[in-house]
Amino acid sequence: MQQGRAAWLLRVNRLYGPNEQWQRGAVFAEAFQGGCWPERTSVYRISRWETATVRVPYLAVRRYEELLDLPANGLVALLDAIYRYSAATVGNALQLDRGLREGSPHQAARLEELLEAARSEDVLTGSDWDELTSYLAFAPRQMITPRSAWTDIAERLLAEMIVADGVAWMQRYEALNRLLAHPVGQQHAVAACASLAADRTNQVFVETVSALDASAHPDASRHVLDQLMHPTNDRAQYGALLASIRKLRYGHFSEPQLRRLVPVVNELALDPARYEDAQPLAAELLRRLPTDVPAAAKARLRHVVIGDPTLNQVLPASRLAAAEAGQILIARITNTAMANMPRDVPNFHDELLPVLLDEMFFSPVFDVRLCAAILLFGTPYRRPLAVALALELGKHAASFSVDVAHAMIEALRILGDEKQRPIIERLTTASGVPPPITVAATQAIGHLGGSSEDRYWKSAVNHHAHLWDRTRNKTSASALSALIYGLGVAHNTALLQHVRENHQAPAMARAAASWWLNLPRTVYESATQ
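With the UniProt record's numbering, the residue at position 505 of the sequence shown is 505, and numbering never jumps.
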């Protein structure tokens, strides 16, 4: 699957990219030599890369980026993500061959330079982290002194990852995964995640805990179980649920741990009052658990499922909605998006596009939805799909289940730009909207392309602050937290200071603003690079 998706990514970028002449493979191949690619390439070789017959090499991906006017390392980061998430086991992901060689003096000198920079106040780019961790993964026996350097690297990388966005986030996420799989670095990376997850002043919990799925170390499994059974908060528990999906697939849990996992996951599947889509995620995890669920728990679960149309699809079919309804939605969105593509491509029928849309809208696992969305983000489909999604939310939102509408807003969070911001802005404060939609919209606004005026931010923060003061409602607390997060990602220091210094604002909002303002300058500046 991973090879096929990597090939698809190259092909659709070539066919629908800005230069129409690249549709002709022979013309593209003729232009391929140059830039970072040193040799002539035939149309047959291009075809083998784009049909997954042969793995595409790293420098060829970089040459695609050059010819297609794409951001440097944008396709590389996407291919790394595809290979990592689809791997059968931790440490067994396909790697783009960076051309590293044992005993290279240049590599040794560059590694030393990057290690020194990572432990200083120098700004590091996502490409720097990619290079540093590629060296470490390539030579796992490489000695690093002092030993505390591992901790410094892991803590800084994690701090940058949780406040980064887009390609910068993907590069750091992959880099952290390499550390979590490293024979020496893994213990330090696991400890960094566990320590931050236990810190109640932290503002980003889901990524911090869910990242532990990338380590087979026993400490990682132990911390995931601890956050499931005695969580720091609902977000940390949700992150532990996400981590459990892949850790179960990789066989990280021991038999005693699986027996401990069953009752807590069962309770989460029965409780609709949990964080966001934790209930369907717990139901999906319960569906995958090999250990038998007690008879009494099964009876309670059957009772809940009968009254919940989403769980009625998740448990037997691993979907948030029935396949028939999903096909209708996907067909509408596909047709709208294709009508807005820059050109028709003769003799090309994209069979993967509807598969990715199905995953993006209907998988009960957030990571699966996210991977599908970021893959589409890296293609010319991005903006036409955002237009189609906005139309769907505007015209048909009332006909979707809350879980599907929530997934659509999540997708728009990745694919959307300034043209879609108005609809998400409205949903953040609209009355009569189901609570999960309000929360999803407030979480999306910080990542959506473009920017919002200060007037909007002040109005939205005040709206949910007043609701919190009156009702102590969980939805307003989550929305307020998400809006402060959005201000942080947007680097809106002035408004963060305004919230922190406003003694009429809820204490949790002031604390969240302080956390963002107290981030080390190096972390904040590097995370945008």
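Cβ atoms here follow ideal geometry from the backbone N, Cα and C, with glycine treated the same way. Note that the structure is predicted; figures quoted are calculated from it, not measured.
Could you name each continuous beta strand (DSSP E) segment of 3 residues or more that falls completely within the segment 404-468, going from the start of the chain to the end?
You should have found no qualifying run.
Might you give, ordered along the chain, the residues of its own chain that have their beta carbon closer than 8 Å to the beta carbon of residue 466, omitting 5 neighbours on each side?
Same-chain partners within the cutoff: there are none.
So for residue 25, helix, strand or coil by DSSP?
Note: residue 25 maps to helix in three-state DSSP.
From this set, 334, 364, 342, 45, which residue's C-alpha is nearest residue 357's C-alpha?
With distances taken between Cα atoms, residue 357 lies closest to 334.
How many angstroms separate the CA atom of residue 125 from the CA atom of residue 138?
Those two C-alpha atoms are separated by around 20 Å.
Per DSSP, which one or two residues make a beta bridge with residue 129?
Beta-bridge pairing links residue 129 to no other residue.
Which of helix, strand or coil does DSSP assign to residue 34?
Correct three-state label for residue 34: strand.
With respect to 6 Å, is the separation between the Cβ of residue 133 and the closest non-hydrogen atom of the ligand MN below this value?
With respect to the ligand MN, the structure shown offers nothing to examine, as it has no ligands at all.
When the Cα of residue 248 is compared with those of 216, 177, 374, which residue comes out closest?
Of 216, 177, 374, the residue nearest in Cα terms is 216.
Using only alpha-carbon positions, find the residue among 494, 492, 493, 431 that is nearest to residue 475.
Ranking 494, 492, 493, 431 by Cα distance to residue 475 puts 431 first.
Is the CB-CB distance between residue 224 and residue 198 below 7 Å?
No, the pair does not count as a contact, with Cβ atoms beyond the cut-off.
Mind checking which residues open and close the alpha helix (DSSP H) that includes residue 567?
The requested residue 567 does not occur in the structure, where the chain is confined to residues 1 to 529.
Comparing C-alpha positions only, which one of 382, 373, 423 sits nearest to residue 395?
Of the listed residues, the one whose Cα sits closest to residue 395 is 423.
Going by Cα to Cα distance, which pick from 44, 36, 206 is closest to residue 27?
With distances taken between Cα atoms, residue 27 lies closest to 44.
Assuming the contact rule is C-beta atoms closer than 8 Å, residue 401 and residue 309 should be a hit. Round their C-beta distance to whole Å, please.
6 Å between Cβ atoms; contact.
Can you tell which of 517, 453, 373 has the C-alpha that lies nearest to the C-alpha of residue 416?
With distances taken between Cα atoms, residue 416 lies closest to 373.
Thinking just about the alpha-carbon of each residue, which of 194, 187, 350 is nearest to the one in residue 9?
Considering only alpha carbons, the answer is 350.
Let me confirm a value: residue 271 is counted as buried when at least 16 other C-beta atoms fall within 10 Å, else exposed. Which label applies?
That one is exposed.
Between residue 530 and residue 149, what straight-line distance do the alpha-carbon atoms span, to the nearest angstrom?
What the structure shows of the chain is the stretch from 1 to 529, and residue 530 is not part of that stretch, so it cannot be assessed.
Buried or exposed: which applies to residue 319, given that a residue is buried once 16 or more other Cβ atoms fall within 10 Å of its Cβ?
With 16 or more other Cβ atoms within 10 Å, it is buried.
One question on the structure: do residue 409 and residue 440 come within less than 7 Å of each other, judged by their Cβ atoms?
Yes.
Which value, in whole angstroms, describes the spacing of the CA atoms of residue 115 and residue 68?
Their Cα atoms are separated by approximately 33 Å.
Would you identify the three-state DSSP class for residue 274, choosing helix, strand or coil?
It is coil, neither helix nor strand.
Measure the alpha-carbon distance for residue 100 versus residue 109 and round it to whole angstroms.
In a straight line, the C-alpha of residue 100 is about 13 Å away from that of residue 109.
For the alpha helix (DSSP H) holding residue 237, just list the boundary residues, first then last.
First-last of the alpha helix (DSSP H) with residue 237: 234-250.
Please classify residue 359 as buried or exposed, where buried requires at least 16 other C-beta atoms within 10 Å of its C-beta.
Its Cβ being crowded by 16 or more others within 10 Å, residue 359 is buried.
Specify the secondary structure class of residue 384 as computed by DSSP and reduced to three states.
Residue state, collapsed to three classes: helix.
Using DSSP with H/G/I as helix, E/B as strand and the rest coil, what is residue 503?
Residue 503 falls in the coil class under three-state DSSP.
Are the segment 151-158 and the segment 57-66 in contact at 8 Å, needing three or more beta carbon pairs?
The segment 151-158 is not in contact with the segment 57-66.
How would you label residue 160, buried or exposed, when you count the other beta carbons within 10 angstroms and need 16 or more for buried?
Its Cβ being crowded by 16 or more others within 10 Å, residue 160 is buried.
Do you know whose CA, among 174, 200, 212, lies nearest residue 233's CA?
Checked all of 174, 200, 212; the closest Cα to residue 233 is 200.
Pick out whichever of 77, 182, 286, 187 has its Cα sitting closest to the Cα of residue 98.
Out of 77, 182, 286, 187, 77 has the C-alpha closest to the C-alpha of residue 98.
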